[in-house]
Each structure stands twice: as structure tokens, then as C-alpha cells.
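Visitor: Note that my numbering has the sequence shown beginning at 101, numbered continuously upward. Every residue, glycine too, gets a C-beta built ideally from N, C-alpha and C. These numbers come from a predicted model, not from an experiment.
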Amino acid sequence: FGLRTADKPAVACLSSRFAYGDKITVEKLQQVASAESGIKALGFNGFRLRHHGNVARLEFAGRDLDRAFAHREAVVAAVKSAGYRFVTMDLEGYRSGNMNQDVPDQLISIQKSR
């Protein structure tokens with residue numbers, strides 16, 4: 101088909117970086133995008149930044165956990181330059197759908213029945 105993006109990995113919507121119920125604003129989306137761009141500039145691709153107010157929780161794919169820790173000063177600088185006060189690394193690593201873990205089962209069953 102000649103699609104120029106056919107070989108690019110899928111990228112989840114930035115709203116997936118926020119917990120359910122959080123008010124999502126343009127400013128918060130820009131903050132997440134800026135921090136993730138800074139981390140990508142360091143050569144990381146398999147990761148997610150999770151937004152928790154002034155805390156950025158980073159989930160790196162297993163293959164990048166050690167490298168991210170080894171380059172933590174650059175990672176922290178990239179994230180703080182986006183306006184986060186604290187930078188944490190989730191030792192469980194990147195997990196797709198991680199922000200869904202705290203969604204009550206009732207809410208999930210209501211959504212599925214629609």
C-alpha cells in the first residue's frame with residue numbers, strides 16, 4: 101500500500117498516561133509530550149511516562165531498565181525540564197494498560213455492557 105508509517109510502532113494516545121478521573125488539560129498533555137520527547141532524544145523508545153501531578157513515574161521496557169538507571173541523571177534532567185518536580189522509575193517496568201489496574205471492577209463491567 102505504500103504507507104510511510106507501516107514500519108513504525110503503535111503509539112498510545114497521551115491521555116493513557118493519566119489515571120482515570122484526572123482532569124486532562126492541554127498543558128498537562130504538553131508536559132507529558134515534552135518529557136517523553138526528551139527521553140526519546142536519549143535513545144529510549146520502549147517506555148511510558150505516567151503523570152501523577154508533579155511526579156513523573158517512568159516505566160521502561162525490561163531491556164532498557166538497566167540503561168535508564170545508568171543514565172538516570174540525563175533522564176531526570178529531561179523530565180524535570182518539562183516541569184515535573186519528582187522523577188521516579190517503576191521497577192516493574194513498562195506494562196501496557198498499567199493505568200487500568202486501579203479502575204474499579206464495577207466501572208469496567210458498566211463500560212463493557214454499553
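Less than 8 Å between the beta carbons of alanine 174 and alanine 135, yes or no?
Guide: Against a cut-off of 8 Å, the Cβ pair of alanine 135 and alanine 174 comes out as no contact.
Visitor: In whole angstroms, give me the CA-to-CA distance for aspartate 164 and glycine 121.
Guide: In a straight line, the C-alpha of aspartate 164 is about 30 Å away from that of glycine 121.
Visitor: Using 10 angstroms around the beta-carbon of glutamine 130, count the other beta-carbons present and answer buried if the total reaches 16, otherwise exposed.
Guide: By the neighbour-count rule (16 or more Cβ atoms within 10 Å), glutamine 130 is not buried but exposed.
Visitor: What are the boundary residues of the alpha helix (DSSP H) that arginine 195 is part of?
Guide: From DSSP, arginine 195 is part of no alpha helix (DSSP H); its letter is neither H nor E.
Visitor: Could you give the residue range of the alpha helix (DSSP H) that holds arginine 163?
Guide: From DSSP, the alpha helix (DSSP H) with arginine 163 extends over 162–170.
Visitor: Can you name the residues that DSSP bridges to threonine 188?
Guide: Looking at the DSSP assignment, threonine 188 forms a beta bridge with Arg157.
Visitor: Buried or exposed for arginine 195, please, with buried defined as at least 16 other CB atoms from any protein chain shown within 10 angstroms of its CB.
Guide: By the 10 Å Cβ count, arginine 195 comes out exposed.
Visitor: What separation, rounded to the nearest whole angstrom, lies between the Cα atoms of histidine 151 and glutamate 159?
Guide: Distance between the alpha carbons of histidine 151 and glutamate 159 is about 11 Å.
Visitor: Where does leucine 114 sit, in a helix, a strand or coil, going by DSSP?
Guide: Leucine 114: helix per DSSP, three-state reduction.
Visitor: Considering only C-alpha positions, which residue in the set Ala182, Glu127, Thr188 is nearest to alanine 168?
Guide: The option with the nearest alpha carbon to alanine 168 is Thr188.
Visitor: Could you pull out every residue in the same chain whose Cβ sits closer than 6 Å to the Cβ of phenylalanine 144, ignoring the five residues on either side in sequence?
Guide: Same-chain partners within the cutoff: Asp164.
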